[in-house]
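The listed protein sequences correspond, in order, to chains A and B. Position 46 of the first sequence, counted from 1, bears residue number 46 in the working numbering, the numbering being contiguous throughout. Offset between the second sequence (1-based) and the working numbering: plus 1000. Even glycine gets a Cβ: it sits at the ideal position worked out from N, Cα and C. For reference, the structure is listed below as structure tokens.
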Amino acid sequence: MLIAATLAILVVMILAIIRGFVGPTLYDRILAVNMFGTKTVLLISLLGFVMGRPEFLDIAIVYALINFISIIGVLHFSDSAVFRHDPHDTGSTKKES
Amino acid sequence: MELIVNISSASCLLIGSFLCLSGGVGIMRLPDFYTRMHAVGVTDTLGAGMILIGLILQNPEGLVVIKLLLILVMTIFISPVASHALAKAAYRNDLVPLSDRNENKGGTESSNP
Chain A
1 MLIAATLAIL VVMILAIIRG FVGPTLYDRI LAVNMFGTKT VLLISLLGFV
51 MGRPEFLDIA IVYALINFIS IIGVLHFSDS AVFRHDPHDT GSTKKES
Chain B
1001 MELIVNISSA SCLLIGSFLC LSGGVGIMRL PDFYTRMHAV GVTDTLGAGM
1051 ILIGLILQNP EGLVVIKLLL ILVMTIFISP VASHALAKAA YRNDLVPLSD
1101 RNENKGGTES SNP
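Below, the structure written as structure tokens:
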């Protein structure tokens, strides 16, 4: 059951990173990175149990904190004019100033 | 007693895996940013919580449970804050939701997000 859950998390991570590559807007990419980070925490925890080494949980805690800080940091910079989203230009996310 | 714990742990892991897979399908198939955020919110709170509870029931003793509970509490607090900040930033930077765009146009054409 642990291995089945690990495979499910791997499939979800692949789907999330596909959305991160093809995402139309900037916020889709940030959302996909956020989901990828959460699933990384779950994958590291599950792998620690599969391989019988529960010391991996420390790494999972560090990954959870890094994920939160990175999301808040990118969203803080998204207020600036470089990251400003143009609603009519759905192809590219960066506006030439 | 051990059989009950094993069965409940396996069912928690199964429910969490199903919710994560449905969220993964949702982030690929849903048409708008806000609807995709709904799909991700399901996986971040209930899917991760179910998988972590299943892992707690796998090894119900020692320091491992404390670390897993710490990860669970951090996930429960961090994920809604990140979702809230993301939705607020997207709405403030004029990312229009799909229903408003359709109402303004008044037609039945499907707009590409």
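Can F1019 of chain B and V1042 of chain B be called in contact, C-beta distance under 8 Å?
For the purposes of this step, residue 1019 of chain B is taken as the residue at position 19 of the second sequence. For the purposes of this step, residue 1042 of chain B is taken as the residue at position 42 of the second sequence. In the sequence as displayed, the identity of residue 1019 of chain B is Leu instead of Phe. For L1019 of chain B and V1042 of chain B, yes; Cβs fall inside 8 Å.
Interface partners of M1028 of chain B on chain A, CB under 8 Å:
Here residue 1028 of chain B is taken as the residue at index 28 of the second sequence, counted from 1. L15, I18 and R19, listed in chain order.
Pair every Cβ in the region 1076-1091 of chain B with every Cβ in the region 1050-1067 of chain B, then say whether three or more of these pairs are closer than 8 Å.
Touching, no.
Cβ-based neighbour list, T1108 of chain B, same chain, cut-off 6 Å, excluding 5 preceding and 5 following
Here residue 1108 of chain B refers to the residue found at position 108 of the second sequence. Low confidence applies to T1108 of chain B: its pLDDT is 46, below 50, so where it sits in the model is not reliable, and the reading given next is rough at best. Annotation for T1108 of chain B: no residue places its beta carbon closer than 6 Å to its own, counting only its chain and skipping 5 residues before and after.
N1059 of chain B: buried (16+ other C-beta within 10 angstroms of its C-beta) or exposed?
Taking the second sequence and counting its residues from 1, one reaches residue 1059 of chain B at position 59. It counts as exposed.
How would you list, in chain order, the residues of chain A whose beta-carbon sits under 7 Å from the beta-carbon of V1064 of chain B?
One-based indexing of the second sequence puts residue 1064 of chain B at position 64. Per Cβ cutoff of 7 Å: P54 and L57.
Taking 8 Å as the threshold (C-beta atoms), are M13 of chain A and F36 of chain A in contact?
Start at 1 with the first residue of the first sequence, and residue 36 of chain A comes out as number 36. Start at 1 with the first residue of the first sequence, and residue 13 of chain A comes out as number 13. In contact: F36 of chain A and M13 of chain A (Cβ atoms closer than 8 Å).
Specify whether the region 1019-1031 of chain B and the region 30-46 of chain A touch according to this definition: at least 3 beta carbon pairs, one from each stretch, less than 8 Å apart.
yes
Any chance the region 1061-1068 of chain B sits against the region 2-10 of chain A, with 3 or more Cβ pairs inside 8 Å?
no
Contact criterion: CB-CB distance below 8 Å. Does E1109 of chain B meet it with respect to chain A?
Start at 1 with the first residue of the second sequence, and residue 1109 of chain B comes out as number 109. For E1109 of chain B, the pLDDT reaches just 45, beneath the cut-off of 50, and the residue's location in the model is therefore unreliable, leaving the point undetermined.
Let me confirm a value: V62 of chain A is counted as buried when at least 16 other C-beta atoms fall within 10 Å, else exposed. Which label applies?
Residue mapping note: residue 62 of chain A aligns to position 62 of the first sequence, counting from 1. So V62 of chain A ends up on the exposed side.
I need the straight-line Cα distance from T1035 of chain B to I1071 of chain B, nearest angstrom please.
On the second sequence, residue 1035 of chain B is found 35 positions in, with the first residue counted as 1. On the second sequence, residue 1071 of chain B is found 71 positions in, with the first residue counted as 1. If you take the alpha carbons of T1035 of chain B and I1071 of chain B, they lie about 26 Å apart.
At the 8 Å Cβ level, is G1023 of chain B part of the contact set with chain A, yes or no?
If you number the second sequence from 1, residue 1023 of chain B lands on position 23. G1023 of chain B counts as touching chain A.
Compare the Cα-Cα distances from S78 of chain A to each of A:I66, A:R53 and A:T25 and report the closest residue.
Translated into positions along the first sequence, residue 78 of chain A becomes position 78. Checked all of A:I66, A:R53 and A:T25; the closest Cα to S78 of chain A is A:T25.
Simplified DSSP state of G1024 of chain B, which is helix, strand or coil
What you label residue 1024 of chain B is simply residue 24 of the second sequence in a count that begins at 1. Of the three classes helix, strand and coil, the one that applies to G1024 of chain B here is helix, per DSSP.
Closer than 8 Å at the beta carbon, the chain A residues around I1007 of chain B:
What you label residue 1007 of chain B is simply residue 7 of the second sequence in a count that begins at 1. The contacting residues do not exist; I1007 of chain B stays about 10 Å from chain A at best.
Short CB-CB distance (under 8 Å) between V62 of chain A and chain B:
Your numbering for residue 62 of chain A matches position 62 in the first sequence. Not an interface residue.
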